[in-house]
Ligand SMILES: Cc1cc2nc3c(=O)[nH]c(=O)nc-3n(C[C@H](O)[C@H](O)[C@H](O)COP(=O)(O)OP(=O)(O)OC[C@H]3O[C@@H](n4cnc5c(N)ncnc54)[C@H](O)[C@@H]3O)c2cc1C
Ligand SMILES: NC(=O)c1ccc[n+]([C@@H]2O[C@H](COP(=O)([O-])OP(=O)(O)OC[C@H]3O[C@@H](n4cnc5c(N)ncnc54)[C@H](O)[C@@H]3O)[C@@H](O)[C@H]2O)c1
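Residue numbers (the working numbering): 54 to 528.
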């Protein structure tokens with residue numbers, strides 16, 4: 054259906070204004086739909102207000118600290134006694150300003166495109182009906198909006214331990230970190246997934262003493278093992294204390310800080326840790342309770358996520374879902390893609406189902422860890438037959454010039470054919486370098502295509518081309 058030539062204007066109600074919701078709203082409005090977005094916190098959702106934007110802005114400051122800290126190795130005299138210091142009040146103000154501006158920008162763009170934005174709480178009350186309680190009319194009668202389709206993009210919230218309720222002063226979840234007057238003296242980070250690793254890295258660079266509690270043998274379970282080991286090595290050399298094979302059982306306030314109680318193998322040596330602050334980064338739970346989903350017949354998984362197919366359809370034909378509430382891949386980019394796919398499907402536009410094996414992602418630690426496509430674990434398990442080349446950046450001239458001492462690039466090419474099927478980059482700004490590999494994986498480029506493409510000399514990207522060259526298949 055080409056909506057621009059059609060007299061019929063489909064209508065779409067979206068609950069949740071994060072990347073899943075706002076991207077879908079923009080595309081749907083552009084395609085001519087009548088769109089309403091209901092958001093309870095602010096446009097941009099958790100991604101913009103509490104998760105991605107604030108954490109990456111904090112990490113930008115931490116990264117500046119890193120660069121200033123290593124400037125002396127490059128011959129920069131910072132002057133006697135001049136130690137870089139993060140001024141947290143200023144850092145936090147900047148974070149909240151950037152998040153607020155970003156949220157405003159998104160709202161304005163949507164409104165310019167004719168999207169109706171409602172600040173309030175939405176609930177599904179039928180296959181085509183959403184009830185909304187507006188914040189500016191909380192005691193009034195809720196409005197019921199009827200539309201051709203509903204898109205659920207309600208996201209997720211931090212998981213909390215009953216025995217460690219966050220108070221936003223000493224015991225934190227990741228949404229509460231942006232009002233610290235000072236850099237924490239000793240930050241205990243519980244959970245060594247992506248969130249825990251990023252904050253452990255950031256607070257370390259900001260000057261805090263950091264202890265990272267990991268329930269597994271190593272940090273970043275499930276990520277590329279070489280990358281995780283390298284990061285753990287960097288953590289160790291920076292003085293981050295990784296307490297492995299330990300689970301936090303609870304946390305309590307002490308006179309001047311917190312005590313975190315541990316269980317598990319690691320707790321035999323360390324039954325508790327005292328620190329000034331503790332951050333719980335122990336995963337998220339989908340915001341699907343009290344949304345009227347069971348009554349509407351929308352099927353959920355055991356974990357409470359909304360079941361969707363490759364084009365974001367739920368078990369109810371008129372209801373779609375996208376983003377963290379679906380449990381597919383907790384990434385802003387995936388949420389946005391799922392939202393766009395839902396809209397394309399609804400509007401009868403060309404639609405390609407989500408292809409999770411093409412997702413590129415980045416862990417914003419120092420160094421960053423970026424991945425795309427097939428993983429080393431999948432190659433090792435025999436799921437994919439691949440040739441693998443791993444090149445350390447230690448021999449890369451640009452890396453030497455910039456003082457980059459730790460990092461590598463790894464390229465996976467299909468055995469026999471040489472098609473690029475995956476890659477890992479560990480380096481400062483790996484998030485930017487991975488795009489060339491993502492392009493290669495998505496468009497099934499050959500290693501020779503990468504090798505034959507000019508790179509700038511000297512550049513970190515030169516190592517990507519060199520890895521591809523080493524994977525050349527001689528016919
Ligand atoms: C600390 C942290 C850092 C991250 N960093 C990155 C990163 O660097 N890159 C990346 O790709 N991903 C990152 N992520 C993941 C990313 O934040 C999520 O994948 C993304 O936010 C998902 O978008 P979404 O649209 O599903 O939901 P969200 O961004 O969670 O937005 C959902 C919105 O819906 C609202 N809502 C819920 N219920 C209702 C209701 N009934 N009525 C009205 N509104 C409602 C919520 O309040 C929320 O504002 C990070 C996550 C965390 C926790
Ligand atoms: N840069 C990014 O793109 C980025 C950043 C942050 C989060 N995310 C997304 O968010 C998703 C969730 O990541 P996450 O790290 O928040 O959650 P997660 O569920 O991946 O990791 C939480 C970790 O905490 C551990 N844990 C749970 N309870 C514990 C306890 N009591 N004591 C010690 N450890 C405990 C778990 O075993 C797990 O390893 C990721 O899949 C990622 O996609 C992305």
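Just so it is clear, CB atoms sit at the ideal spot from N, CA and C, and this is done for glycine as well.
Every value quoted in this text rests on a predicted model; they were computed, and no experiment measured them.
Can you tell which of 83, 166, 383 has the C-alpha that lies nearest to the C-alpha of residue 207?
Taking only the C-alpha atoms, the option nearest residue 207 is 383.
Since residue 288 is in the alpha helix (DSSP H), which residue starts that stretch and which ends it?
Start and end: 278-291.
Check whether the Cβ of residue 382 lies closer than 7 angstroms to any heavy atom of ligand 2, and answer yes or no.
Because some heavy atom of ligand 2 lies under 7 angstroms away, the Cβ of residue 382 counts as near it: yes.
Identify the continuous alpha helix (DSSP H) that holds residue 252 and give its terminal residues.
Run containing residue 252: 247-259, per the alpha helix (DSSP H) assignment.
Count the other CB atoms, across all protein chains shown, that sit within 10 Å of the CB of residue 370; report buried if there are 16 or more and exposed otherwise.
Residue 370 comes out exposed.
In angstroms, rounded to a whole number, what distance separates the CA positions of residue 423 and residue 495?
Between residue 423 and residue 495, the C-alpha separation is close to 15 angstroms.
Say yes only if the C-beta of residue 301 is nearer than 7 angstroms to one or more non-hydrogen atoms of ligand 2, and no if none qualify.
Yes, ligand 2 has a heavy atom inside 7 angstroms of this Cβ.
Any heavy atom of ligand 1 inside 7 angstroms of the beta-carbon of residue 450?
No.
Please report how far the alpha carbon of residue 420 lies from the alpha carbon of residue 457, in whole angstroms.
Approximately 9 angstroms between the Cα atoms of the pair.
If you draw a straight line from the C-alpha of residue 66 to the C-alpha of residue 72, how long is it?
The alpha-carbon atoms of residue 66 and residue 72 are separated by roughly 15 angstroms.
For ligand 2, I want to know if residue 519 counts as a neighbour, meaning its beta carbon is within less than 7 angstroms of at least one of the ligand's heavy atoms.
Every heavy atom of ligand 2 is 7 angstroms or more from the Cβ of residue 519, so no.
In the structure shown, what three-state DSSP assignment does residue 418 receive?
Residue state, collapsed to three classes: coil.
Can you tell me which of 61, 69, 64 puts its alpha carbon nearest to the alpha carbon of residue 377?
Measuring from the Cα of residue 377, the nearest candidate turns out to be 69.
Can you find the residues in the same chain that come closer than 6 angstroms, C-beta to C-beta, to residue 236, ignoring five residues on each side of it along the sequence?
Cβ within range, chain order: 139, 141, 259, 260, 261.
According to the neighbour-count rule (16 or more other Cβ atoms, all chains shown, within 10 Å of its Cβ), is residue 429 buried or exposed?
With 16 or more Cβ atoms within 10 Å of its Cβ, residue 429 is classed as buried.
Following a CB-centred definition, is residue 376 positioned closer than 7 angstroms to any heavy atom of ligand 1?
Yes, since a heavy atom of ligand 1 falls inside the 7 angstroms radius drawn around the Cβ of residue 376.
Return the bridge partner residues of residue 474 from the DSSP annotation.
The partner list for residue 474 (beta bridge, DSSP) is empty, contrary to what the question assumes.
Just checking residue 356 against ligand 1 - is the residue's beta carbon closer than 7 angstroms to any of the ligand's heavy atoms?
Residue 356 Cβ: outside cutoff for every heavy atom of ligand 1.
With DSSP as the reference, label residue 83 as helix, strand or coil.
In this structure, residue 83 counts as helix in the three-state DSSP scheme.
Between the segment 445-462 and the segment 476-494, do at least 3 Cβ pairs fall closer than 8 angstroms?
Output reads yes: the segment 476-494 touches the segment 445-462.
Report yes if the C-beta of residue 288 is less than 7 angstroms from at least one heavy atom of ligand 2; otherwise report no.
No - ligand 2 has no heavy atom lying nearer than 7 angstroms to the Cβ of residue 288.
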